[in-house]
Structures are given as structure tokens and as C-alpha cells.
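Before any comments, here is the structure.
Residue numbers (our numbering): 771 to 917.
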């Protein structure tokens with residue numbers, strides 16, 4: 771909205787992004803879709819580039835030190851930059867827009883929890899087993915459409 775760029779309606783935009791991000795149906799889930807973290811990033815950037823938007827998607831995941839991820843979350847939240855958290859673990863496989871995160875100063879350093887905006891549930895952004903992290907958008911990507 772700040773860039774005054776017309777976007778498709780939400781559901782149409784979601785369908786375009788699912789295609790760009792190479793979403794797939796997870797077997798035995800009744801049709802639940804998933805996107806691999808690297809495909810989320812490259813697919814979103816491909817979509818932005820194809821529309822000539824001056825944005826880029828960035829990500830930080832697989833961090834073995836939750837304090838580094840927490841410092842980055844602090845920068846994003848302080849700047850008012852929306853952040854998408856991810857957790858792929860035996861407990862959960864999910865992405866979502868974050869409303870908060872819990873500082874490691876109040877919990878063991880082996881985890882970093884965040885709260886999903888949509889329903890208040892928790893994601894573990896640095897699970898002991900699995901993959902976690904965060905995605906965000908920043909200005910500075912391509913300014914013209916094309917390859």
C-alpha cells in the first residue's frame with residue numbers, strides 16, 4: 771500500500787503466490803499445502819521481480835543460535851516490519867504472520883517462541899529438532915519487470 775501498487779484481491783494474490791512458491795499438497799493431510807522455506811523465498815522474489823516491485827523477500831532460518839534470530843526479530847519489530855515465522859518440526863509444520871515473540875532472557879536458550887497473529891498459537895522458531903526461522907520483506911529489490 772505504501773508503494774501505491776495495485777494488488778489482486780487477497781484470495782487471487784494467495785493463489786498467485788502459492789504457484790510462485792511451488793506449494794505442494796502434503797500426503798495424508800486432506801489437502802493441506804506446504805511450501806519449503808527456500809521455495810517461499812525464491813518464489814516470492816520471483817513474483818516481486820515479475821511485477822517490477824522494488825521489494826525483496828529475505829529470510830533467516832536454520833539458526834543454531836536462537837539469540838541471533840532473536841536479535842533480528844527485535845530489529846524487525848522495532849522497525850514495524852511484519853515478520854512471517856516458520857516451524858517445520860515433528861511437533862508442527864506451519865508458517866504465519868507473527869504478532870509477538872518471547873525473549874530468550876525469560877526461557878532456555880534452546881528455543882525461541884513466537885505468537886501467530888491469526889490465532890495466538892505458538893511457533894518454535896528455533897526448534898531442537900527441525901527447522902525454524904523468520905521471513906520479511908524489505909525495500910531495495912528490482913524496479914522493473916523482466917528477467
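No residue lacks a Cβ here, since even glycine has one placed at the ideal position from N, Cα and C.
In this text the structure is predicted, and so the values were computed from the model without any measurement.
In three-state terms, what does DSSP make of residue i?
i: residue 832; result: coil
i: residue 793; result: coil
i: residue 804; result: strand
i: residue 798; result: coil
i: residue 843; result: helix
Along the chain, where does the alpha helix (DSSP H) that runs through residue i open and close?
i: residue 780; result: 780 to 790
i: residue 820; result: 807 to 820
Would you kindly work out how many angstroms separate the C-alpha atoms of residue i and residue j, rounded to a whole number?
i: residue 902; j: residue 857; result: 4 Å
i: residue 828; j: residue 787; result: 15 Å
i: residue 830; j: residue 904; result: 5 Å
i: residue 784; j: residue 777; result: 11 Å
i: residue 917; j: residue 821; result: With a pLDDT of 40 at residue 917, under the threshold of 50, the predicted position of this residue should be treated as unreliable, though the coordinate-derived value follows. Going by the C-alpha atoms only, they are around 11 Å apart.
i: residue 834; j: residue 908; result: 24 Å
i: residue 846; j: residue 870; result: 11 Å
i: residue 839; j: residue 802; result: 28 Å
What does a CB cutoff of less than 8 Å around residue i pick up in its chain, not counting 5 residues either side in sequence?
i: residue 910; result: 824, 825 and 826
i: residue 915; result: Note on residue 915: pLDDT 45, under 50, position unreliable in the model; the coordinate value appears next. 819, 820, 821 and 822.
Among the residues of its own chain, which have a CB less than 6 Å from the CB of residue i, if the five just before and after it don't count?
i: residue 946; result: The first residue shown for the chain is 771 and the last is 917, placing residue 946 beyond what the model contains.
i: residue 811; result: 827 and 829
i: residue 832; result: 901
Which whole runs of the alpha helix (DSSP H) in the region 850 to 912 are 4 residues long or more, in chain order?
none
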